[in-house]
Each structure stands twice: as C-alpha cells, then as structure tokens.
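Participant: Below are the structure tokens for one structure; questions will follow.
Number of protein chains: 2
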Amino acid sequence: MIRMNEINEITEVILTQIENGKYAEARRSIIGMESADIALLFEEIDRQNLLVMFRILPKEIAADVFSYMPNELQQYIIESSTDREIKLILEELFFDDTIDFIEEMPANVVKRILSNADNETRTLINQFLQYPETSAGSLMTIEYVDLEKEMTAAEALEHIRKTGIDKETIDTCYVLDNNRILAGSITIRKLILVPETTRIADIMDENVIYINTHDDREEVAALFKKYDYLVMPVVDSEHRLVGIVTIDHIVDVIELENTEDLQKMAAIAPSEKPYLKTNALTLAKHRIPWLLILMISATFTGNIIKKFQDALQSVMILAAFIPMLMDTGGYSGSQSSTLVIRGLALGEIKLRDFFRVLWKELQIGIIIGVTLSAANFLKLYFFDKTGLMIAFTVCITQFMTIIIAKIIGGTLPIIAKKLGVDPAIMASPLITTIVDAAALIIYFTTATKLLNL
Amino acid sequence: MIRMNEINEITEVILTQIENGKYAEARRSIIGMESADIALLFEEIDRQNLLVMFRILPKEIAADVFSYMPNELQQYIIESSTDREIKLILEELFFDDTIDFIEEMPANVVKRILSNADNETRTLINQFLQYPETSAGSLMTIEYVDLEKEMTAAEALEHIRKTGIDKETIDTCYVLDNNRILAGSITIRKLILVPETTRIADIMDENVIYINTHDDREEVAALFKKYDYLVMPVVDSEHRLVGIVTIDHIVDVIELENTEDLQKMAAIAPSEKPYLKTNALTLAKHRIPWLLILMISATFTGNIIKKFQDALQSVMILAAFIPMLMDTGGYSGSQSSTLVIRGLALGEIKLRDFFRVLWKELQIGIIIGVTLSAANFLKLYFFDKTGLMIAFTVCITQFMTIIIAKIIGGTLPIIAKKLGVDPAIMASPLITTIVDAAALIIYFTTATKLLNL
Chain A
0 MIRMNEINEI TEVILTQIEN GKYAEARRSI IGMESADIAL LFEEIDRQNL LVMFRILPKE
60 IAADVFSYMP NELQQYIIES STDREIKLIL EELFFDDTID FIEEMPANVV KRILSNADNE
120 TRTLINQFLQ YPETSAGSLM TIEYVDLEKE MTAAEALEHI RKTGIDKETI DTCYVLDNNR
180 ILAGSITIRK LILVPETTRI ADIMDENVIY INTHDDREEV AALFKKYDYL VMPVVDSEHR
240 LVGIVTIDHI VDVIELENTE DLQKMAAIAP SEKPYLKTNA LTLAKHRIPW LLILMISATF
300 TGNIIKKFQD ALQSVMILAA FIPMLMDTGG YSGSQSSTLV IRGLALGEIK LRDFFRVLWK
360 ELQIGIIIGV TLSAANFLKL YFFDKTGLMI AFTVCITQFM TIIIAKIIGG TLPIIAKKLG
420 VDPAIMASPL ITTIVDAAAL IIYFTTATKL LNL
Chain B
0 MIRMNEINEI TEVILTQIEN GKYAEARRSI IGMESADIAL LFEEIDRQNL LVMFRILPKE
60 IAADVFSYMP NELQQYIIES STDREIKLIL EELFFDDTID FIEEMPANVV KRILSNADNE
120 TRTLINQFLQ YPETSAGSLM TIEYVDLEKE MTAAEALEHI RKTGIDKETI DTCYVLDNNR
180 ILAGSITIRK LILVPETTRI ADIMDENVIY INTHDDREEV AALFKKYDYL VMPVVDSEHR
240 LVGIVTIDHI VDVIELENTE DLQKMAAIAP SEKPYLKTNA LTLAKHRIPW LLILMISATF
300 TGNIIKKFQD ALQSVMILAA FIPMLMDTGG YSGSQSSTLV IRGLALGEIK LRDFFRVLWK
360 ELQIGIIIGV TLSAANFLKL YFFDKTGLMI AFTVCITQFM TIIIAKIIGG TLPIIAKKLG
420 VDPAIMASPL ITTIVDAAAL IIYFTTATKL LNL
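These protein sequences, in sequence, are chains A and B. By numbering that gives the first Met the number 0, the letter at position 359 of the first sequence is numbered 358, and the numbering carries on one by one without gaps. By numbering that gives the first Met the number 0, the letter at position 168 of the second sequence is numbered 167, and the numbering carries on one by one without gaps.
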C-alpha cells in the first residue's frame with residue numbers, strides 16, 4: 000500500500016542507495032514502484048548511474064519506465080544502448096508508446112530504431128509515422144484483442160488467454176468478419192457472465208461507434224467525453240479495424256488542446272513543448288507576431304487621440320481616465336470572449352445560439368455598465384471632486400464601452416467559428432483594438448458635446 | 000456500425016416518428032443507440048412525449064439515459080414519476096450517477112428520492128452527500144468488485160460472475176483482508192491468464208496507490224494523469240476500501256478545473272454551471288468584482304498622468320502613444336503569466352524553478368523588447384515622421400515596459416503559489432495595473448529628460 004505523499008520519501012532513500020553504489024538494493028526498492036515514479040526518479044540521477052539502473056531492471060519494467068521518460072532521456076538511452084538492447088526495448092514497448100517517442104527523435108536515432116525492428120514492426124512504424132500528428136491514426140495502438148463472430152464464449156476466452164497478455168486493454172474486445180471488417184464489440188465482462196457455448200455473434204454489440212484514422216484528435220476526444228468511453232476502435236477507409244484509441248491518450252489530448260486554446264487566447268502561437276524545455280528565442284518567436292499586430296493596429300487608436308488633440312489639450316484631466324476606460328473595457332470584452340470560447344470548445348454553446356448569447360451579453364453589459372459607472376460617478380463626483388460634466392463624460396463612456404465590449408466579446412468568437420476561423424484566436428488582440436477605439440471615440444465625442452469643446 | 004455523423008440523421012428520423020405518435024417504431028430505433036445520444040434526443044422532444052418515451056424504454060436503458068440528462072430534465076422526470084418508477088430508476092442507476100444528480104436537485108426532490116430508496120441506499124446517499132463537492136469522496140462510486148486474499152483464481156472468477164454484472168468496472172478488482180482493509184489489486188486479465196488454482200494473495204499487486212475520501216479532486220486527477228490509471232481505490236481513515244473513482248469522472252474534473260482556471264485568468268469568479276444555463280444577473284455578479292478592483296486601482300495610473308499633466312500638455316502627441324504602450328505591455332505580461340500558470344497547473348513548472356523562469360523571461364523580454372521597439376522606431380521615425388526624440392522616448396518606454404511585464408508576468412504566479420494563493424487569480428488585473436503604472440512612469444520620466452520638459 001502506498002500513500003501518495005510517501006513516494007517522495009521512498010525516492011530519497013533510493014537516490015542515496017544509488018549514489019553509494021548500492022545498485023542491487025536500489026533495484027529491489029524500485030521494482031515495487033509505479034513506472035511513472037521510476038521515470039521521475041531516473042530524471043534525478045546522473046547519466047552514468049541512470050544507464051546502470053536502467054540495464055539492471057527487468058526488461059518489461061525497463062520498457063514501461065522508458066515510455067514515461069522525457070524525450071532527452073529516451074534519446075540518451077537509445078544512443079547509449081547496443082543493438083540488442085534496443086531490440087529488447089522495442090519488443091516490450093506498447094506500440095502507441097513506440098510511435099509517441101519515435102515521433103520526437105532526431106532522424107539518426109529513428110534510423111537506428113528502425114534498423115533494429117523486425118520487418119513487420121518496421122513496416123507498421125513507417126505506416127503510423129505517416130498519420131498526421133493531430134489525427135486519430137497517430138493516437139492509436141495495435142494491441143487490441145480481435146475475436147471472430149463464429150467463436151463461442153469459451154473459445155473467445157481461450158483466444159484471449161493465448162493472445163491477451165500483451166494487449167493494451169482486454170476489457171473490450173472487437174469482433175471482425177472474415178475480411179477484418181469491424182462487426183461488433185464485446186466486453187470481457189459479458190464473455191465471463193454468459194454460458195460457455197454462447198456464440199459471439201449472438202451477444203456482441205453491433206452498434207459500435209468507431210472512428211477513422213484521419214479523424215481529428217479533438218473530435219475523437221469529444222466522442223470519448225460524450226459517451227464516457229474507455230476505448231474506441233479505429234477503422235481504415237474500407238472499414239477494416241486497424242487499431243484502438245485508449246482513454247489515457249485522450250486525457251493527454253484534452254490537456255494539449257486546453258493548453259493550445261489558452262495560448263491562442265493569450266495571443267501566443269500554440270506549441271506543445273513544455274515551457275522550461277523551450278529556449279528563449281523560440282518562446283519569443285511565438286509571442287512576437289500578435290504583439291506586432293497589436294502595436295500596428297494601435298496606430299488606429301493613436302490617430303483617434305491625435306484627431307481630438309485640441310479637445311484633450313483644453314481639458315487635460317480627460318487624459319487621466321484613458322487607462323481606466325481602456326482597462327475596464329478590455330477586461331469586460333475578454334470576460335465575455337473567454338466564456339463563449341470555452342462554451343464553444345466544450346460544445347455547450349452552438350452556432351445557432353448566436354442570438355441567445357447576444358441577448359445575454361446585452362443584459363450583462365447593462366447590469367455591469369450601470370453598476371460600474373454608478374460607482375465611478377460617486378467616486379469621481381464626491382470623492383475626487385471632478386466637475387459634474389467630466390464625471391458624466393467618463394461614466395457615459397464607461398457604460399457604453401462595457402456594453403460594446405460585452406457584445407463584441409460574446410459574438411465575435413461565434414462569428415469566427417461560423418467563418419471556419421479558430422474562435423480562440425479571436426479572443427483578444429482584435430477585441431482589444433475594437434474596444435479601445437470605440438472607447439476613445441465615445442469618450443471624445445461625449446466630451447466635445449458635454450464640455451462644449 | 001455507426002459512423003458519428005450518421006447520428007444526426009437517425010435522430011431526425013426518430014423525432015419525426017415520435018411527433019407522429021409512432022412510439023413503438025421510435026422505441027425500436029432508440030434501443031440500438033448510445034445512452035448519451037438518446038439523452039440528447041430527449042432534450043429535443045416536448046415534455047409529454049418525453050415521459051411517454053422514457054416510460055416505454057427498457058428500465059436499464061432508461062436509467063442510463065437518465066444519468067446523461069441535464070438536471071432540469073432529471074428533475075422533471077422525478078417530479079412526474081410515481082414512487083414505483085423512482086424506485087426502479089434508483090435501482091438501475093450507478094451509485095456515482097445517483098449522487099451526481101441528487102447533488103443538483105432541490106430539497107423537495109431529494110426528500111422524495113430518499114423516501115423511495117431502501118434503507119441501505121438511503122444511509123449511503125446521506126453519507127456521500129456529506130463529502131465536500133471537490134473531494135474524492137463525492138467522485139467515487141461503490142460499484143467495485145472486492146475479492147478475498149484466500150480465494151483461488153477460479154473462485155474469484157466465480158465470485159465476479161455472481162456479483163459483477165452491475166459493477167462499474169471489473170477490469171481491476173480489489174483484494175480486501177478480513178477487516179475490509181485494502182490489501183492489493185488484481186486485473187481480470189491476470190485472473191484469466193493464471194492457472195485456476197492460483198491463490199489471489201500470491202498474484203495480487205500489493206503496491207496499490209490509493210486515495211482518501213477527503214483528498215482534493217484536482218490532486219486525484221493529477222494522479223490519474225501521472226500514472227495513466229483507469230480506476231483508483233478510495234479508502235477511509237482506517238484504510239478500509241469505501242469506493243473507487245473511475246477515469247470518466249476524472250475527465251469531467253479535468254475539464255471543470257481547466258474552465259475554472261480560464262475563468263480566474265479572465266478575471267471572472269469561477270462557476271461550474273454552463274454559460275447558457277446561468278442567468279444574466281448571476282453572470283454579471285461573477286464579473287463585477289474584478290472590474291471594480293481594476294477600476295479603483297486605475298486611480299493610481301490616473302494619478303501618474305495627472306502628475307505629469309504639464310509635460311503632456313507641452314507635447315500633446317505623447318498622449319497618442321499611451322494606448323499602444325499599455326496594450327503591448329499588458330499583452331506581454333499576460334503571455335508570460337498564462338504560460339507559467341499553465342505550467343504550474345500541469346506540474347511542468349515547480350516552485351524551485353523561480354530563477355529559471357525569471358532568467359528565461361528576462362531573455363525573452365530583451366528579444367521581444369528589441370524587436371518591437373526597433374520596428375516601432377522605424378515606423379515612427381521614417382513613416383510617421385515624429386521627431387527623433389519622441390521616437391526615442393516611445394521606444395525606450397516600450398522596451399523597458401516589455402521587460403518589466405515579462406518578469407512580473409512570469410514570476411508573480413510562482414510567488415502567489417508560494418504564498419498559497421491560487422496562481423490563476425494573479426493572472427491579470429494585478430499584472431495589468433503594475434505594468435500600466437510602470438509604463439506611464441517610464442514614459443513621462445524619459446520624456447521629461449529627452450524632451451527637456
């Protein structure tokens with residue numbers, strides 16, 4: 000029994016054992032641990048000890064730990080291994096984990112791996128590497144259990160006993176007809192519960208929802224979420240079963256897609272590589288484009304100020320409220336766009352909800368606009384003692400800016416999706432520029448009227 | 000075999016059948032469908048037909064469909080059902096789904112449900128309702144398979160055959176000692192593969208990582224992601240097994256936590272309720288607090304402008320660049336804070352990485368600062384033909400603001416986490432205010448020096 004907070008203590012003990020060269024002791028302690036924890040532990044030790052420890056682990060554990068390692072360590076291990084060792088790792092790895100790591104290796108390492116794979120595996124690897132990285136094909140594994148329609152339950156269980164040991168999941172088995180075309184699915188639970196002589200064809204579930212190799216991984220993730228699946232079958236264009244996708248890879252996809260949406264909403268070019276493992280130049284390159292666009296589009300707001308320069312010059316105090324108006328307007332817009340973008344991503348908001356969103360944001364805009372500008376009026380007039388007309392100018396601008404920001408922030412992502420543009424990209428710089436410009440135009444127009452400039 | 004885009008067409012056909020009163024035909028078409036799709040279909044039909052269809056479905060399908068329905072429909076069905084019908088639904092529902100829906104029902108509905116549950120279930124429901132909503136306890140279900148150490152593989156399989164039919168997952172079974180204390184786990188795969196006379200105690204995995212009822216659901220989700228688990232056992236304070244948590248509920252938790260982080264980063268009070276199902280007043284209430292704080296803290300930036308009013312008045316053109324400097328500065332900061340907050344949430348960035356992040360953001364700040372201010376200088380001096388000194392003032396301010404924004408955006412979330420404050424809350428309003436103030440102070444100080452104001 001391991002309580003999660005004990006893991007750190009165990010790790011400390013093992014690290015000391017390894018540092019003191021007590022490899023056999025360390026090996027005994029490690030073998031009871033989860034592969035994910037062993038991989039984390041291996042990140043902490045120096046490379047020489049890493050190789051020693053990796054080599055003395057039982058090969059099935061070593062391969063599983065390998066699949067949890069960061070790419071640099073995987074590369075290091077492959078480069079430091081003999082051909083025989085590479086063969087052993089490849090034999091033990093689940094096929095989807097093999098593909099995952101090969102996709103991240105440099106060409107010379109891939110070449111070395113391919114030359115050590117048997118013919119069949121090499122052909123499969125080459126085939127899988129051709130699936131686009133965001134397709135169901137690149138998520139799937141080939142370790143599924145396939146049964147025939149004509150088998151009895153007893154024969155099916157016997158088949159599973161013979162072939163099931165290396166399979167990724169045997170909770171759901173797939174039934175194929177003689178051309179390997181997907182005919183149905185059956186859970187192991189059902190196989191155990193029915194009489195031994197029952198024919199698979201009579202008890203299988205024929206209404207299997209399947210995916211194609213070229214389906215987008217985001218859509219596949221949506222299916223898993225909708226149906227609470229643990230596994231889904233993947234077929235090729237002739238409806239032949241070619242693999243399965245399991246929920247653990249879907250969880251990774253969900254997190255990746257969430258990170259990607261967040262990055263886009265923060266005006267960053269999306270990237271799958273972790274922050275600390277990306278160098279400063281690459282990170283900077285991801286961030287510069289939207290900042291440049293924002294900078295250039297700000298020429299527009301600058302010109303509005305220039306145009307009203309005389310009005311501003313005669314009542315200089317107006318300048319002091321520009322940051323406040325821009326910030327509350329900008330945030331009002333991004334609050335709306337964030338919720339709507341998220342709602343679209345989760346499927347809670349559909350394109351046909353355009354007018355419902357518009358109406359809701361209009362109401363919200365009025366409530367927030369009244370609240371904020373009333374509070375602001377009290378502050379300006381009674382506390383800051385600005386004149387009545389200036390307080391009016393600021394508050395009218397704030398009220399109208401918030402309503403405009405809410406409507407633009409709420410509807411622009413839906414319009415983007417309708418036009419086939421990623422809603423997350425619509426989040427901020429564009430909305431900011433529109434809201435800024437609207438705020439300034441309303442501000443100076445109101446000021447000119449109310450203050451007779 | 001159902002391809003996903005065929006589902007809409009099938010739904011259309013069934014809707015027409017129901018509208019024409021062809022209930023038996025509709026029933027036949029529905030029975031082959033996935034419960035999640037039937038629930039979506041039921042949202043489209045009017046309430047009278049909904050009750051008819053719900054009642055004529057086989058009761059195990061009806062209960063499963065019920066678990067996928069939105070809360071309003073669940074409430075309507077309970078309120079329209081006889082006591083006997085409620086009993087049937089409760090018997091067929093998985094226990095975690097029962098808890099999920101009871102948690103969302105008004106008190107009178109909960110009372111009616113409890114009065115129709117048998118004694119044992121009622122006690123369990125009351126116990127589960129006491130777990131905090133964000134704890135592992137409220138995520139778990141009681142439908143697990145428990146085995147005894149002394150059983151043989153054959154006895155265990157026989158036990159599963161007898162008791163396993165209603166269990167949420169039988170892929171992993173849990174082994175208990177005589178005080179119901181968790182002793183180990185074993186997969187059904189292993190049970191099938193070993194000789195029939197093997198003792199469970201000899202083949203079970205004793206290194207089971209478990210969670211406690213009071214563990215936070217976000218930490219539980221992190222464990223599922225780290226270890227690629229499909230299910231985890233939950234124990235009480237005496238280490239007795241009280242339930243299991245399955246991956247489908249964890250996927251929901253991951254999405255909820257992601258939504259919550261996004262909301263906080265967009266300066267919105269977090270809420271689990273979908274956007275379209277929340278009324279405008281509630282949505283407005285979630286958004287007003289941070290906007291008010293932002294408005295009040297903008298007094299600070301306003302005062303800076305007031306202080307430099309004379310300088311601004313003598314070179315009015317300076318006002319035109321304020322929006323651009325604030326926007327590029329603000330976005331520079333939120334780019335950094337977004338990546339660091341996400342990295343912290345995914346565990347890719349740790350507290351001890353403070354100086355690595357600081358150093359990285361400093362480098363990024365310099366690269367972006369040089370790029371943007373150089374581009375800006377070319378635009379201002381050659382294209383807009385502002386004077387040399389004004390171009391210098393704007394570009395120096397932009398350069399320094401970006402560096403400050405990057406450093407504050409990158410480090411503030413880590414400092415927040417260190418202080419036990421949610422990093423996501425640190426995302427924006429605070430950073431915006433600091434960056435705005437810094438930009439304005441640098442701007443006017445530089446202007447005063449370079450332009451001799």
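Where is the CB? At the ideal position from N, CA and C, for every residue including glycine.
1) Mind checking if Tyr274(B) is an interface residue toward chain A, Cβ cutoff 7 Å exclusive?
2) Mind listing the chain A neighbours of Lys384(B)? Cutoff is C-beta to C-beta under 9 Å, in chain order.
3) Would Tyr226(A) pass as an interface residue toward chain B - the criterion being a Cβ-Cβ separation below 7 Å?
4) Check whether the Cβ of Ser28(B) lies closer than 7 Å to any Cβ atom in chain A.
5) Considering only DSSP beta bridges, list what Gly242(B) is partnered with.
6) Work out the CA separation of Ile440(B) and Met388(B) for me, nearest whole Å.
7) Count the other CB atoms, across all protein chains shown, that sit within 10 Å of the CB of His213(B); report buried if there are 16 or more and exposed otherwise.
8) Any idea which residues DSSP pairs Arg341(B) with across the strands?
9) Using Cβ-Cβ distances below 9 Å, what residues of the region 314-334 of chain A are close to chain B?
10) If Asp326(A) sits next to Asp215(B), beta carbons under 8 Å apart, how far is it from one beta carbon to the other, in whole angstroms?
11) Quick one: what's got a C-beta closer than 8 Å to Tyr380(A)'s C-beta in the same chain, skipping five residues either side?
12) For Met0(B) and Thr245(B), I'd like the C-alpha separation in whole angstroms.
13) Looking at chain A, is there any beta carbon in it that lies within less than 7 Å of the beta carbon of Gln126(B)?
14) In chain order, what residues of the same chain have a beta carbon less than 6 Å from the beta carbon of Glu24(A), not counting five sequence neighbours either side?
15) Measure the C-alpha to C-alpha separation of Met68(B) and Ala423(A) and round it to an integer number of angstroms.
16) Does the beta-carbon of Arg27(B) have 16 or more other beta-carbons within 10 angstroms, so that it is buried, or is it exposed?
17) Give the DSSP bridge partners of Asp215(A), in chain order.
18) Is Ala283(A) close to chain B, meaning its C-beta is less than 7 Å from at least one C-beta of that chain?
19) Let me know if Gly301(A) comes out buried or exposed under the rule of 16 or more other beta-carbons within 10 Å of its beta-carbon.
20) Counting pairs of beta carbons, one from the region 402-421 of chain A and one from the region 327-336 of chain A, are three or more of them closer than 8 Å?
21) By the three-class DSSP mapping on this structure, what secondary structure does Ser184(A) have?
22) In chain A, what lies closer than 9 Å to Leu14(B) by C-beta?
23) If you reduce the DSSP assignment to three classes, tell me which class Thr151(B) lands in.
24) Out of Gln312(B), Asp145(B), Trp358(B), Ile243(B), point me to the one whose CA is closest to Leu500(B)'s CA.
25) The alpha helix (DSSP H) that contains Tyr173(B), what's its start and end?
26) Mind checking who Arg198(A) pairs with in its DSSP beta bridge?
27) Answer yes or no: does any C-beta atom of chain B fall closer than 7 Å to that of Asp247(A)?
28) Please give the ranges of any alpha helix (DSSP H) in the region 298-322 of chain A, keeping only runs that are unbroken, at least 4 residues long and fully inside the region.
29) So what does DSSP say about Ile208(A), is it helix, strand or coil?
30) Out of Arg111(B), Gln73(B), Glu103(B), point me to the one whose CA is closest to Arg83(B)'s CA.
31) Could you tell me the boundaries of the alpha helix (DSSP H) in which Ala266(B) lies?
32) Could you give the first and the last residue of the continuous alpha helix (DSSP H) run that contains Lys349(A)?
33) Report the start-end ranges of each alpha helix (DSSP H) in the region 10-86 of chain B that is 4 residues or longer and not cut off at the edges.
34) Is it buried or exposed, Ala266(A), if we count other Cβ atoms within 10 angstroms and call 16 or more buried?
35) Please check if any C-beta of chain A sits within less than 7 Å of the C-beta of Asn7(B).
36) Using the Cα positions of Tyr130(A) and Leu138(A), report the straight-line distance between them to the nearest angstrom.
Facilitator: In this structure, then:
1) yes
2) Simply none; closest approach about 13 Å.
3) yes
4) no
5) Val233(B)
6) 17 Å
7) exposed
8) In DSSP, Arg341(B) forms no bridge with anything.
9) Met315, Ile316, Ala318, Ala319, Phe320, Ile321, Pro322, Met323, Leu324, Met325, Asp326, Thr327, Gly329, Tyr330, Ser331, Ser333, Gln334
10) So it is not a contact: roughly 34 Å between Cβ atoms.
11) Leu387, Ala390
12) Unreliable positioning characterises Met0(B) in this predicted model, as indicated by a pLDDT of 47, which lies under 50. A coordinate reading is not provided.
13) no
14) Gln16
15) 28 Å
16) exposed
17) Ser134(A)
18) yes
19) buried
20) yes
21) strand
22) Per Cβ cutoff of 9 Å: no residues; Leu14(B) is ~16 Å from chain A at best.
23) strand
24) The shown model of chain B, from 0 to 452, leaves out residue 500(B), and the question about it has no answer.
25) That residue, Tyr173(B), is in no alpha helix (DSSP H); its beta strand (DSSP E) goes 171-175.
26) Thr151(A)
27) yes
28) 308-313
29) strand
30) Arg111(B)
31) Per DSSP, Ala266(B) belongs to no alpha helix (DSSP H) and is neither H nor E.
32) From DSSP, Lys349(A) is part of no alpha helix (DSSP H); its letter is neither H nor E.
33) 22-30, 34-43, 46-55, 58-67, 70-79
34) buried
35) no
36) 9 Å
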